[in-house]
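Participant: The following block contains the structure, expressed as structure tokens.
Residue numbers (this note's numbering): 1043 to 1172.
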């Protein structure tokens, strides 16, 4: 092939664009992490990095919530460095109460799900279930 034909082919390809296979992730789509904490067959709850239950998440697992007589939570999950101060929405799936604890020890009790945490956004260091 001569240079002129190659140039025309290249121009056509550039004007049409390059197709990506169906189902391929786009470059603009960020990767999300899914982490599991705790052991058990039941999903206690989920915390999300962003509002509206989006972004990376942690799924907490256990067996049951009994509401201990001593007032302590049934489950307590201190968050690692990567997750401290990153929680923006939560879903309580199984227990009567999900608690978010901040660095000062203040606790926010959640009965159901919260798609926005208001001033609690990015404040959580520990997640508890009772």
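Idealized CB from N, CA, C, for every residue including glycine. Just so you know, these numbers come straight off a predicted model, no measurement behind them.
Using a threshold of 9 Å, state whether the C-beta atoms of residue 1132 and residue 1104 are closer than that.
Facilitator: no
Participant: Would you kindly work out how many angstroms separate the C-alpha atoms of residue 1098 and residue 1092, rounded to a whole number?
Facilitator: 8 Å
Participant: Ends of the beta strand (DSSP E) at residue 1150?
Facilitator: 1149-1152
Participant: Apart from the five residues on each side of it in sequence, which residues of its chain come closer than 8 Å, Cβ to Cβ, to residue 1167?
Facilitator: 1120, 1121, 1126, 1127, 1143, 1144 and 1145
Participant: Enumerated in chain order, which unbroken segments of the beta strand (DSSP E) with a length of 3 residues or greater are wholly contained in the stretch 1073-1147?
Facilitator: 1076-1079, 1084-1092, 1096-1104, 1117-1120, 1131-1134 and 1140-1144
Participant: How about residue 1138 and residue 1109: are their beta carbons less than 9 Å apart?
Facilitator: yes
Participant: Take residue 1096 and list the residues in its own chain whose beta-carbon comes closer than 7 Å to its own, dropping the five residues that flank it on each side.
Facilitator: Non-local C-beta neighbours of residue 1096 in its own chain, meaning closer than 7 Å and more than five positions away in sequence, comprise 1090, ordered along the chain.
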